[in-house]
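For what it's worth, the working numbering labels the leading residue of the sequence shown as 162, then goes sequentially. Ideal placement from N, C-alpha and C gives every residue a C-beta, glycine not left out. Beneath this line is the structure, given in structure tokens, with notes to follow.
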Amino acid sequence: MGKEPAQREIKQERAARTRVEILEAAITLFARRGFLATTMADLARAIRMTPGALYWHFPTKEDLLLAAIEELHQRCLREFVGRLTEARALSAREQFHAFTERTQEFLRCHREYGIFFAMLAAEAAEANDRVADAIREKLALYAKVLEGIIRHGQKTGEFRQDVDALHTAHSLFGGYMGVLVHQNLFRATLSYDPLVAALHLLVTAGTDARSARE
């Protein structure tokens, strides 16, 4: 009797590890090829698994894609929630810089995450409502955090009053994803850090209340 729970736990742990391996491969392949061009057979080969075994974990490619989106979302939350909580004691300008710098560093270390969201956002907008809704929900949440920082800075006088906080936040996140895709195309001649620094400078200068007085 004592062996059955132990065996069940081992099987559950093995299944959980396999699921993570599948999601990791899916994130990489979807980022490289997009979800329309990536097949379940491609994914099965990438993780050396039979298509039948892959379908046991995820009945459809859409199910796998939605799970990959949620997995990335949870990774982002683990990376940012604690830092955002600590930053609340800072000024709005300091919060803005801390948030954008951490985002830049995170995407530098995990380029495929940003490209994954960019590729899916481009394809799903016209091809798959469920995937588009999932991507839209996550990106809107990230932009809302930055929007809140900007609105706070407008109340404290640190940021310009004529700046549209909602659209500025979304523009910045769209810029991050666009930079990753663009730099990937021009990787022989362009580097990630200078491109992101240029984007950050434009947004910082455009939102800072001091620039409006100069």
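Can you give me the C-alpha to C-alpha distance between ALA288 and LEU251, rounded to a whole angstrom?
Computed Cα separation, rounded: 42 Å.
So the alpha helix (DSSP H) MET210 belongs to, where does it begin and stop?
It is not in any alpha helix (DSSP H) - MET210 carries neither H nor E in the DSSP assignment.
In chain order, what are the residue ranges of uninterrupted alpha helix (DSSP H) at least 4 long that sit wholly in the stretch 225 to 262?
With a minimum length of 4 residues, no continuous alpha helix (DSSP H) run stays inside the stretch 225 to 262.
Check the DSSP bridge columns for ASP369 and list the partner residues they point to.
Its beta-bridge partners are PHE320.
Kindly confirm or deny that the stretch 184 to 196 and the stretch 271 to 282 touch, where touching means at least three C-beta pairs closer than 8 Å.
As far as the Cβ criterion goes, the stretch 184 to 196 touches the stretch 271 to 282, which means the pair count is three or higher.
If you reduce the DSSP assignment to three classes, tell me which class LEU351 lands in.
Coil at LEU351, not helix or strand.
How many angstroms separate the CA atom of ILE171 from the CA atom of ARG178?
Here ILE171 scores only 49 on pLDDT, less than 50, and its place in the model should not be relied on; the value that follows carries that caveat. ILE171 and ARG178: Cα-Cα distance of roughly 11 Å.
I need the straight-line Cα distance from GLY309 to GLY318, nearest angstrom please.
When rounded, the distance between both Cα atoms is 14 Å.
Taking just the CA atoms, how far does CYS237 sit from VAL357?
In a straight line, the C-alpha of VAL357 is about 19 Å away from that of CYS237.
Among HIS343, TYR303, MET201, whose alpha-carbon lies nearest the alpha-carbon of LEU233?
When only C-alpha atoms are compared, the closest one is TYR303.
Compute the Euclidean distance between the alpha carbons of ARG269 and TYR353, then round it to the nearest angstrom.
About 7 Å.
Could you check what DSSP says for ASP290 in three-state terms: helix, strand or coil?
In this structure, ASP290 counts as helix in the three-state DSSP scheme.
Confirm, please, whether the CB-CB distance from ALA279 to VAL342 is below 8 Å.
In this structure, ALA279 lies closer than 8 Å to VAL342 by Cβ.
If you count every other CB in all the chains shown that lies within 10 Å of the CB of LEU346, and 16 or more means buried, which is it?
Counting Cβ neighbours within 10 Å, LEU346 comes out exposed, since fewer than 16 surround it.
Measuring alpha carbon to alpha carbon, tell me which residue in LYS316, THR199, PHE277, GLY213 is nearest LEU300.
For the residues LYS316, THR199, PHE277, GLY213, the minimum Cα distance to LEU300 belongs to PHE277.
ALA198 by DSSP, collapsed to three states: which one?
Residue state, collapsed to three classes: coil.
Which first and last residues belong to the alpha helix (DSSP H) in which PHE334 is found?
Element bounds for PHE334: 326 to 346.
Would the C-beta of ASP354 count as close to the ligand SAH, meaning under 7 Å from any of its heavy atoms?
The ligand SAH is absent from the structure shown, which contains no ligand whatsoever.
Considering only C-alpha positions, which residue in the set GLY339, ALA248, ALA370, LEU204 is nearest to LYS316?
Nearest C-alpha to LYS316: ALA370.
Cβ of LEU197 within 8 Å of Cβ of LEU204?
Cβ distance not < 8 Å, so LEU197 and LEU204 don't count as in contact.
When the distance is taken between beta carbons, is LEU360 closer than 8 Å to GLY335?
Contact: no.
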